[in-house]
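Okay, so here's the structure we're looking at.
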Amino acid sequence: MKYSGLKIFLEGLTGNKGWKPLWRNPEPKPKYDIIIIGGGGHGLATAYYLSNTFNIKNVAVIEKGWLGSGNIGRNTTIIRSNYLLPENEPFYEFSMKLWENLEKDFNYNAMVSQRGVMNIFHSDSQRDAFVRRGNAMIMSGADAVILDEKDLKKMTPFLDFDNARFPIKGALWQPRGGSVRHDAVAWGYAKGADAKGVDIIQNCEVTGFIIKNGRCLGVETNKGTIKSTKIASCVAGSSSKVMSKAGIKLPIESHVLQAFVSEGLKPVLPGVITFGAGHFYVSQSNKGGLVFGGDIDGYNSYAQRGNLPVVEDVCEGGMAIMPMIGRARLLRMWGGIMDMSMDGSPFIDKTDIKGLFFNGGWCYGGFKATPASGYCYAHLLATGKPHKTAESFLLKRFEKGLIIDEKGQGNQPNLH
Ligand SMILES: Cc1cc2nc3c(=O)[nH]c(=O)nc-3n(C[C@H](O)[C@H](O)[C@H](O)COP(=O)(O)OP(=O)(O)OC[C@H]3O[C@@H](n4cnc5c(N)ncnc54)[C@H](O)[C@@H]3O)c2cc1C
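Per numbering that gives the first Met the number 0, the very first residue in the sequence shown carries number 0; after that it's consecutive.
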């Protein structure tokens, strides 16, 4: 089905009876060229680029629940490319460029809203670090502006500039950053992949792998055996559980990350704002709710709900920079399972088992990566070679000392 202004107009006149489901609900075929495990953002984007860009259409996406039941439907929707390290920045900027064309590309309104992302700094030394990051961004073709206190006061007069503990001195501002309606991204990619013949199979859980002589030949599922010579795992927070079924131990821990939404307020935030002295970030949805979050719960878990200490910690962060948030009522909150890697950076790579590929380790920054992750994974699956912006995301980088520690926190996953 093609969306257009004319179609909406005509449907409006004829009682909106002509809209069709966006994708089919097929039963699995016995064999595919490529099987993608996980119908989240990254799995569906991979299927979309395989079928639309690399012309490989005999593909199945196998999802244990329904589309959008994982982190793609649970995140706080922020997109940005404000990274420092040369292994990361070109990849996230590639993703930003794909976001900017996405809605035209897959003919679906994903509400890509480039209202900007503002990282607040609180000291001279933090400003220097942000200037360095801004320069790294500009060198990779991204946009970055340093705002001083005066500039910032004009844009966000409600911030607590004179807070005794965390005085606000300015911000690193990426005007092209912003937010995107998260589940519409899954639906748009699903629609585009399905239109090219990709089978999206929901309520189908992968329970094991068929491995013979070091080669993966298919998967076992609750709907039977499905064969393929290329199997691509893409299950985010469930990565360690799924890959353990192939005997692979990953440098990943799973933790819960919570998100919060307030009651609807009049438009107040110009874009995304992040606290520089603790973990708190906030944006305002199109419906007016303040959407915010902070740190992960500090223990390993596969639960999709978190605990109260983090709620308190996140709200303290909000109050420190934006006391008016204390007057807003919290409407709802939820959790998602994060695949936290040892250095905070992701993996898009082959494994030691022939035909078995792995995509994961996105920590709590994988939503913004969705288009580039899908594109680069599709590139690896189709050509056998990594895409140039994802060459460093290797599973074996720890063995070689090639860690990508964006935050400089060392090998402690819960700190990244
Ligand atoms: C509260 C929260 C806030 C976040 N905020 C941001 C943000 O603002 N910006 C940002 O960039 N990132 C953010 N993230 C991170 C981002 O959401 C994730 O990194 C990203 O969505 C992970 O990729 P995905 O979409 O493919 O994952 P998912 O949507 O989780 O997809 C994985 C899928 O695999 C399926 N699966 C698991 N096991 C199996 C199996 N055995 N068989 C078949 N299918 C299986 C799951 O059901 C799931 O649907 C946030 C995450 C959370 C939870």
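Backbone N, C-alpha and C define an ideal beta-carbon position, used for all residues, glycine too.
Check whether the Cβ of Asp338 sits closer than 8 Å to any heavy atom of ligand 1, and report yes or no.
yes
On the three-state DSSP scale, how would you describe Phe53?
coil
Can you name the start and end residues of the alpha helix (DSSP H) that His378 belongs to?
Thr369 to Thr382
Determine the DSSP secondary structure at Lys222, reduced to helix, strand or coil.
coil
Own chain, CB closer than 7 Å to Leu330, minus 5 neighbours either side, in chain order
Val260, Ser261, Glu262 and Gly288
Go through the region 283 to 339 residue by residue and report every complete run of the beta strand (DSSP E) that reaches 3 residues or more, in order.
288 to 299
Rounded C-alpha distance that separates Arg396 from Asn74
28 Å
Could you tell me if Gln257 is buried or exposed, where buried requires 16 or more neighbouring beta carbons within 10 angstroms of its beta carbon?
buried
Between which two residues does the beta strand (DSSP E) harbouring Phe93 extend?
Unbroken run through Phe93 is the alpha helix (DSSP H), Glu88 to Phe105; no beta strand (DSSP E).
C-beta atoms of Leu49 and Leu380 nearer than 9 Å:
yes
Flag this pair as yes or no: are the beta carbons of Ile145 and Ala128 separated by less than 9 Å?
no
In the DSSP assignment, the beta strand (DSSP E) including Asn134 goes from what residue to what residue?
Here Asn134 belongs to no beta strand (DSSP E); instead the alpha helix (DSSP H) covers Asp123 to Met138.
So, helix, strand or coil for Gly40, using DSSP?
helix
Could you tell me the alpha carbon to alpha carbon distance between Ala109 and Met0, rounded to whole angstroms?
16 Å
Can the beta-carbon of Pro269 be found less than 9 Å from the beta-carbon of Met154?
yes
Return yes when at least one heavy atom of ligand 1 lies under 8 Å from the C-beta of Ser112, else no.
no
Do you know whose CA, among Val309, Lys265 and Cys233, lies nearest Lys349's CA?
Cys233
I need the DSSP call for His181, collapsed to helix, strand or coil.
helix
Using a Cβ-Cβ cut-off of 9 Å, state whether Asp161 counts as contacting chain B.
Any reference to chain B falls outside this structure, which holds one protein chain only.
Over what stretch of residues does the beta strand (DSSP E) that includes Lys211 continue unbroken?
Val205 to Lys211
Taking the C-alpha atoms as reference points, what is the distance between Ala377 and Asn87?
18 Å
Within 10 Å of its beta-carbon, does Phe157 have 16 or more other beta-carbons around it, so buried, or fewer, so exposed?
exposed
Please find out if some non-hydrogen atom of ligand 1 comes closer than 8 Å to the beta-carbon of Phe53.
no
Inspect the CB distances between the region 215 to 224 and the region 351 to 367 and report whether three or more fall short of 8 Å.
yes
For Ile61 versus Ile36, is the C-beta distance shorter than 9 Å?
yes
Validate contact between the region 177 to 194 and the region 38 to 46 using beta carbons, cut 8 Å, 3 pairs
yes
For Gln173 and Trp65, believed in contact at Cβ under 8 Å, the rounded distance
Not quite, the Cβ-Cβ distance comes to about 33 Å (not below 8 Å), so this is no contact.
Pick from Glu311, Phe120, Asp150 and Pro85 that is closest to Phe291, judged by C-alpha positions:
Glu311
For His121 and Ser94, the rounded distance between their alpha carbons:
29 Å
Could you tell me which of Thr52, Ser237 and Ala46 sits nearest to Ala59, measuring between CA atoms?
Ala46
Cβ atoms of Pro25 and Asp142: under 9 Å apart, would you say?
no
Tell me, which residues are paired with Ala59 by DSSP?
Ile34 and Asp198
For Leu151, name the three-state secondary structure that DSSP assigns.
helix
Using alpha carbons as the reference points, say which of Phe366, Pro385 and Lys387 lies closest to Ala183.
Phe366
Identify, in the order they occur along the chain, each residue of the same chain with its Cβ nearer than 7 Å to the Cβ of Glu405, setting aside the five sequence neighbours on each side.
Tyr82, Leu83, Leu84, Asn87, Gly343 and Ser344
Coil, strand or helix - Glu262 by DSSP
strand
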